[in-house]
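Shown next, in structure tokens, is the structure this report addresses.
There are 2 protein chains.
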Amino acid sequence: MSGDRDGEFATASRIRDAAIARFARDGFRVGLRAIAADAGVTAGLIVHHFGSKDALRRACDEQVLTVLREEKAKALTDGSGATLLAQMAGVERYAPMVQYLLRSLQAGGALATTLIEHLIADAEEYLAAGEVAGVVRPSRDRAARTRYLAYQATGSMVLWFTLHGAQATAEEFPALFRRYMDDLALPALELFTEGLLVDRSMLDEYLMYVPDPPDRDADNTAR
Amino acid sequence: MSGDRDGEFATASRIRDAAIARFARDGFRVGLRAIAADAGVTAGLIVHHFGSKDALRRACDEQVLTVLREEKAKALTDGSGATLLAQMAGVERYAPMVQYLLRSLQAGGALATTLIEHLIADAEEYLAAGEVAGVVRPSRDRAARTRYLAYQATGSMVLWFTLHGAQATAEEFPALFRRYMDDLALPALELFTEGLLVDRSMLDEYLMYVPDPPDRDADNTAR
DNA sequence: GAACTGATTGAACGAGTGTTTAATCTGGTG
DNA sequence: CACCAGATTAAACACTCGTTCAATCAGTTC
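Below, the structure is given as structure tokens:
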């Protein structure tokens, strides 16, 4: 159904798409029999095709990541990683995948780590380009700022999803997500252009107290 | 053991404290038998004392919230809600409770909603006081900015916990949490004092496009 | 000392889970 | 037609879970 070499292999991808939708709506604790019922098959057949429930979830991860990469390549004209998710959530067809991604970030695991690394890399790219273009202020520690901004934007989104969007159906999710983004716009723009504090005393005190640029330890990857 | 009217009722609170530690380290999916083993009792006894696993978790929620309120009352001199958590995470005795809170925020539910509302209320208080004192810039929509800042700070913390701090033992958690806060300090202070963007064009464009202050709909509570 | 109450245990129950297995069905190939 | 490989199913298996139950054990009260 979804861009696969269909025909003979239609059943496997139908199971996988049903699993993505079920995982997105009900979380990863959902049983194989519920997924099987959605796909019109039996629990045993899922194991026959994928080997195990974990392997099925890995297949779902791969599919979502593949689609995300395709969409990212298509829409490389504007927007960072976070707004790409916002765009995709608006498209009804991709809404379950965005929900699936948010649930992965909520649960942790390999896909979540991969995703946040991609978002950080994207943000680094856009922020560096912004610095060169003269629209983004330089930072005393660009890598730390990029991680900070990516974690804040993504974490806020995941927390909102956990508290308000987790039990939304695929139909009502796009509107919810859109409203979340709308509520975000003004405070984010205010903070990004005007800051929050009136004077520089707190920053200067911190710079006095910790003057040297924080020399990273050996493991700056698993930070 | 922990501020309860001890003696005869020691067993119940010992079970509850063991449950908090287990829930914090292994998540809420952990079995009653594991908790019982930690407390040196049997699964049946937990049900005898608390009624059900859900009721046990509610008791844990209450206990953590009670301790949090006590600590907040003790340390009302400085720091907002988020830094209160940071302070508590530094105290070895409270580290499991901070982990428990982060896990609650990760999983959602009643305690998570209560907690984020308290954090927002605290932030509102501190930001309003900062405005009066002239150190915090006024916002075009103060409530929206407060929610935004609280969600960003809390969500970032929860996401970091999900990806890097979830499987930390109670001994290594304080140091991990401290390092997270240290990595945060410089980018946060930079953003709060200097902003991110060089010019005001993006904000002004947004204000032109959506000029009126967003008049909240009927349901601004469940936002 | 008898009776009662609550704490506590070990075992069992019933409902879930993921997985395995044997059997059946289906379609293509010699 | 015979044969075979793969798809598919229903049932069973082994396991964990929360919960229940009957039976002890200890302490208090009459």
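Residue numbers (the working numbering), protein chains in the order written: chain A, 1 to 223; chain B, 1001 to 1223. Note that beta-carbon positions come from the ideal geometry of N, C-alpha and C, so glycine has one too. It should be emphasised that the depicted structure is a prediction, and the values quoted were computed from it without experimental measurement.
If you look at His164/A, you'll find it isn't in any alpha helix (DSSP H); DSSP assigns it neither H nor E.
Nearest neighbour of Glu70/A by Cα position, chosen from Lys53/A, Ala55/A, Ile20/A, Met88/A, turns out to be Met88/A.
When the beta-carbon positions are compared, Ala1095/B and Phe1173/B come within less than 7 Å of each other. With at least 16 other beta carbons inside 10 angstroms of its own, Val64/A counts as buried. With the rule of 3 Cβ pairs closer than 8 Å, the region 156 to 171 of chain A counts as touching the region 1095 to 1114 of chain B. Taking a contact as a CB-CB distance under 8 Å, the pair Met1181/B and Leu189/A does not count as one, their CB atoms being some 26 Å apart.
Contact check for Thr146/A against Glu124/A passes: the beta carbons are separated by less than 7 Å.
The beta carbon of Pro187/A falls within 7 Å of a beta carbon belonging to chain B, placing the residue at that interface.
The beta-carbon of Val1064/B is placed no less than 7 Å from the nearest beta-carbon of chain A.
A buried status is given to Met157/A, since no fewer than 16 other beta-carbon atoms sit within 10 Å of its beta-carbon. Beta bridge pairing from DSSP links Leu1197/B with Val136/A. When the Cα atoms are used, Ala43/A and Phe28/A turn out to be separated by approximately 16 Å.
Under the three-state reduction of DSSP, Gly108/A is assigned to coil, being neither helix nor strand.
Taking 7 Å as the threshold, the shortest C-beta distance from Val1030/B to chain A does not fall below it.
Taking 7 Å as the cut-off, the Cβ atoms of Pro1138/B and Ala144/A do not count as close. Taking the CA atoms as reference points, Leu56/A sits about 29 Å from Arg1022/B. Around the Cβ of Ser1052/B, a 10 Å sphere holds fewer than 16 other Cβ atoms; the residue is exposed. The beta carbon of Ala1012/B sits closer than 7 Å to the beta carbons of His1049 from its chain, once the five residues preceding and following it are set aside; these are given in chain order. If you ignore the 5 residues before and after Ala86/A, its C-beta comes within less than 6 Å of the C-beta of Met181, all in its own chain and listed in chain order. In this chain, Phe1028/B is not harboured by any alpha helix (DSSP H), its DSSP state being neither H nor E. Between Gly1044/B and chain A, the shortest Cβ-Cβ separation is not below 7 Å. With a beta-carbon spacing of about 6 Å, Gln1106/B and Gln106/A fall inside the 8 Å limit used to define contacts. A direct Cα-to-Cα measurement between Tyr206/A and Val1136/B gives close to 17 Å. Interface flag for Leu119/A against chain B is unset, since no Cβ pair is found closer than 7 Å. The beta-carbon of Leu1084/B is placed no less than 7 Å from the nearest beta-carbon of chain A.
Taking 7 Å as the threshold, the shortest C-beta distance from Gln1152/B to chain A falls below it.
At a cut-off of 7 Å, the C-beta of Val158/A has a neighbouring C-beta in chain B.
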